[in-house]
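Numbering (our numbering), first residue to last: 1 to 153. For every residue, glycine included, the Cβ atom is placed at its ideal position computed from N, Cα and C.
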């Protein structure tokens, strides 16, 4: 099972609400504001970054956090989510993160409304992306799993 982390920034509480609901739908996921996250990013396989955007500009705190932690986040599978009023504005807001994270970004999307259906649909799309790709197992982990299987027979 993938360890999922939902990191967010929020000004009015809207993005926080979206992030919390998204984490619930994704299943066991830790949801946390970037400034309150104190665990090790290395422990997570899949990261969702939720940020507000205004007039084509991403939240500065989120951008700074990703810049500071790029070496780790850039190795993970990442979804970018912008909460703003306009889908085109969201695309522009997320451009710096898409550029910075490049191939790590598996989905870049937006949500404008907190009503159930669009959020549930988006969460299910994200869940499918997360669960679709199997991660390759480290050789030592595979060897241990094989040994454990054989010993149980």
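Expected contact under 8 Å - CB spacing of residue i and residue j to nearest Å
i           : j           : result
residue 21  : residue 119 : 6 Å
residue 73  : residue 66  : 6 Å
residue 55  : residue 88  : No, residue 55 and residue 88 are not in contact; Cβ-Cβ is about 11 Å, not under 8 Å.
residue 150 : residue 26  : Actually they do not touch by this definition, with Cβ atoms about 35 Å apart.
residue 50  : residue 19  : 4 Å
residue 37  : residue 7   : 6 Å
Reduced DSSP secondary structure (H/G/I, E/B, other) of residue i
i           : result
residue 84  : coil
residue 13  : coil
residue 98  : helix
residue 53  : strand
residue 77  : strand
residue 108 : strand
residue 65  : helix
residue 39  : coil
residue 2   : coil
Own chain partners of residue i with C-beta closer than 6 Å, once the 5 adjacent residues on each side are dropped
i           : result
residue 2   : 45, 46 and 130
residue 23  : 6, 29 and 31
residue 143 : none
Per-residue burial, residue i [other beta carbons within 10 Å of its own, 16 or more giving buried]
i           : result
residue 59  : buried
residue 52  : buried
residue 39  : exposed
residue 15  : buried
residue 205 : Only positions 1 to 153 of the chain appear in the structure, and residue 205 is not among them; the question remains open.
residue 101 : buried
residue 94  : buried
residue 124 : exposed
Other residues of its chain near residue i: CB distance less than 8 Å, five sequence neighbours each side excluded
i           : result
residue 69  : 41
residue 203 : An answer regarding residue 203 cannot be provided, because it is not within the stretch 1 to 153 covered by the chain.
residue 96  : 58 and 63
Contact set for residue i: own chain, Cβ-Cβ below 7 Å, skip 5 residues either direction
i           : result
residue 43  : 3
residue 78  : 47, 49, 101, 104, 105 and 106
residue 122 : 109 and 111
residue 11  : 52
The region 69-83 / the region 96-115 touching (three or more Cβ pairs under 8 Å): yes
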